[in-house]
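Residue numbers (the UniProt record's numbering), protein chains in the order written: chain S, 1 to 199; chain P, 1 to 199.
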DNA sequence: AACATTCTAACACAATTGTATTAAAAAGAA
DNA sequence: TTCTTTTTAATACAATTGTGTTAGAATGTT
């Protein structure tokens, strides 16, 4: 039968090329041709994986959230909850170069989703997943006994969500003012304050 | 002499047209022609005010921050500090339709500034101005006596900055999950907690 | 009313865009 | 080796892009 190329693998390769173009030149320069060139294939060939630019964007956006979700799922949860919480939050903030790349691209897509209905659904889905993750973290801290049982779960999760995304945004857009060690410090102090509220 | 048109006023008119295009169709569709049409003038005529698209973007971005700054400066500061603080933070979050419009555009520009060096300087300048505003608020709350004198000024201002921008980001990108009344509640509770820390 | 100066509008240009079509190349199964 | 099917590459197309140029309209002063 035919030449067998891992179709999915190829799509990932192209999507990652799209990421690089978006980081380097902005999403408005992520044209079919530019992305294809970055991926090292011909534009006509790329159309075989993504018949439209919208598909490419949708897939590329999903791949970002999938990567982050995979990394979080791969964490070691067999540890004291405060440590786990710390690691989870660290994955949601651009501490490493890899995380930074993903989040720069993510911000570009979220920003585009404001005027691009086809991307809006995914942005919302990830938002809800993140909120669930925050809920798990807060609940875990309480059950573990390090945070007060009187905390309002949803309220505390919402605050955590807002705070973490605020840090991520600052880390992305003002890396000089908000370098990785500063983000870490803010997160650690935040978790400490959460755990030291009187039970 | 010549036909006298308020040059500055005209530039503002064009910039506001650019905002509308950006909100409606994204910054990648804010072409010279589209913006000119939205402004009700001819493209060639627009080039008289902005000889290049980069100039238009730079001016439009600055106009956003200027508007917000003006509104904050126009607040009544002759009141108890907690009230003033509340009003200041409320201006930094998309509570009204006008505020929402400005911040959607602002996010588009900040996102673009990641890959557009010509916009990056302004984003950074506004960041520093915001941080100063946060410092003023925190200092004010402490001097007024509603917040503890033991608070670390810079640290508390940084937290406030992160928290407020997180709320703004959520309000922008997920207005269903984070409607205005929820933002207000988060801000109010945050200020309350700040003021109730033991002195 | 005539003039000087600014603004306007239309067109031109090469470059790039998304999408489509089509013929050649590649590669595993027979 | 031969064949079947997928992947590739090249080209085409109309539309849109940013930026220039240029001739004409508008307007307030003299």
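No residue lacks a Cβ here, since even glycine has one placed at the ideal position from N, Cα and C. Quick caveat: nothing in here was measured; it's all calculated off a predicted structure.
Run the CB neighbour count on residue 204 of chain S, radius 10 Å, all protein chains shown included, and call it buried at 16 or more, exposed below. A query on residue 204 of chain S cannot be resolved here, the shown segment of chain S reaching from 1 to 199 and no further.
Would you tell me roughly how many angstroms separate the C-alpha atoms of residue 26 of chain P and residue 107 of chain P, rounded to the nearest one? 11 Å
Would you check if there are 3 or more beta carbon pairs closer than 8 Å linking the region 58 to 69 of chain S to the region 162 to 171 of chain S? no
Flag this pair as yes or no: are the beta carbons of residue 114 of chain S and residue 104 of chain P separated by less than 9 Å? yes
Less than 9 Å separating the beta-carbons of residue 56 of chain S and residue 18 of chain S? yes
Since residue 88 of chain S and residue 133 of chain S should fall inside the 8 Å C-beta cutoff, what is the C-beta to C-beta distance between them, to a whole number of angstroms? 7 Å
Take the Cβ of residue 39 of chain S as the centre, count every other Cβ of all protein chains shown within 10 Å, and call the residue buried at 16 or more, exposed below. buried
Please check if any C-beta of chain P sits within less than 9 Å of the C-beta of residue 161 of chain S. yes
Could you pull out every residue in the same chain whose Cβ sits closer than 6 Å to the Cβ of residue 126 of chain S, ignoring the five residues on either side in sequence? 65
Using a beta-carbon distance below 9 Å, is residue 177 of chain S in contact with chain P? yes
Go through its chain and collect everything with a Cβ distance to residue 232 of chain P's Cβ below 8 Å, but skip five positions before and after it. Nothing can be reported for residue 232 of chain P: it is not among the residues displayed for chain P, which extend from 1 to 199.
Contacting positions in the region 100 to 117 of chain P - beta carbon closer than 9 Å to chain S: 104, 107, 108, 110, 111, 112, 113, 114, 115, 116
Measuring alpha carbon to alpha carbon, tell me which residue in S:196, S:99, S:144, S:128 is nearest residue 78 of chain S. S:144
Quick check on residue 165 of chain P - is its C-beta less than 9 Å from some C-beta in chain S? yes
Going along chain P, which residues have a C-beta under 8 Å from residue 123 of chain S? 173, 174
Along the chain, where does the alpha helix (DSSP H) that runs through residue 153 of chain S open and close? 153 to 173
Can residue 58 of chain S and residue 22 of chain S be called in contact, C-beta distance under 9 Å? no
In angstroms, rounded to a whole number, what distance separates the CA positions of residue 135 of chain S and residue 45 of chain S? 44 Å
Contacts that residue 215 of chain P makes with chain S (C-beta to C-beta distance below 8 Å): The structure shown does not extend to residue 215 of chain P, since chain P spans only 1 to 199, so no value can be given for it.
Threshold first: 3 residues or longer. Then list the beta strand (DSSP E) segments lying entirely within the region 52 to 118 of chain P, N to C. none
Cutting at 7 Å between CB atoms, please list the residues of its own chain near residue 32 of chain P, excluding the five before and the five after it. 43, 46, 53
Could you tell me which uninterrupted alpha helix (DSSP H) segments, each at least 4 residues in length, are contained entirely in the region 24 to 52 of chain S, listed from first to last along the chain? 32 to 39, 43 to 46
Using a Cβ cut-off of 9 Å, pull out every chain P residue sitting near residue 144 of chain S, in sequence order please. In chain order: nothing, as chain P lies at least about 23 Å away.
Just checking: is the beta-carbon of residue 12 of chain S within a distance shorter than 9 Å of some beta-carbon in chain P? no
Sort S:176, S:81, S:187, S:73 by Cα distance to residue 121 of chain P and report the nearest one. S:176
Beta-carbon contacts of residue 129 of chain P that lie in its chain and below 8 Å, excluding the five residues immediately before and after: 65, 69
Taking residue 62 of chain P as the reference, give the member of P:118, P:35, P:156 with the closest Cα. P:118
Of all the CB atoms in chain S, is at least one closer than 9 Å to the CB of residue 22 of chain P? yes
So residue 183 of chain S is in the alpha helix (DSSP H); what residue range does that whole segment cover? 180 to 195
Nearest to residue 147 of chain S (by Cα), restricted to the options S:155, S:93, S:73, S:194: S:194
Would you call residue 80 of chain P buried or exposed, if buried means 16 or more other Cβ atoms sit within 10 Å of its Cβ? exposed
At the 9 Å Cβ level, is residue 90 of chain S part of the contact set with chain P, yes or no? no
Cα-Cα, which of S:110, S:172, S:166, S:13 is closest to residue 187 of chain S? S:166
Listed by chain order, chain S residues near residue 194 of chain P by CB distance under 8 Å: What residue 194 of chain P touches in chain S: nothing, since even the nearest Cβ is about 12 Å away.
For residue 34 of chain S, I'd like the list of residues in its chain whose CB is within less than 6 Å of its CB, leaving aside the five on either flank, ordered along the chain. 21
Among P:49, P:50, P:183, which residue has its Cα nearest to the Cα of residue 96 of chain P? P:183
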